[in-house]
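In our numbering, the protein residues as written are 3 to 74. Read the structure below first, then the notes.
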């Protein structure tokens, strides 16, 4: 059972545009609010939530790194 697949992101991926920590935190809170009521038994909804949250966590970490003067 060897199926070919495409990864969501390459290792070490960081967003191209980095907003302020406050902006990223507000957007992340909004995504959390939107994904919280989704049906956990729906494969499609859980995939959508996972992708949205992955994007938000990466953007939030990038904003925190930028604020600290750290970079990848």
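Ideal placement from N, C-alpha and C gives every residue a C-beta, glycine not left out.
Three-state secondary structure (DSSP) of residue i
i, result
"residue 5", "coil"
"residue 63", "helix"
"residue 69", "helix"
Spatially closest choice to residue i from the options, by CA coordinates
i, options, result
"residue 59", "9, 35, 26 and 41", "26"
"residue 11", "5, 57 and 36", "57"
"residue 65", "5, 18 and 13", "18"
"residue 53", "24, 6, 30 and 22", "30"
"residue 62", "24, 43, 45 and 6", "24"
Residue i versus residue j: straight-line alpha-carbon distance, rounded
i, j, result
"residue 55", "residue 34", "7 Å"
"residue 48", "residue 71", "34 Å"
"residue 20", "residue 28", "14 Å"
"residue 38", "residue 68", "28 Å"
Neighbour flag for residue i against chain B, beta carbons, 9 Å
i, result
"residue 12", "In the structure shown, chain B cannot be found, because there is only a single protein chain."
Limits of the alpha helix (DSSP H) - the one that residue i falls within
i, result
"residue 34", "23 to 37"
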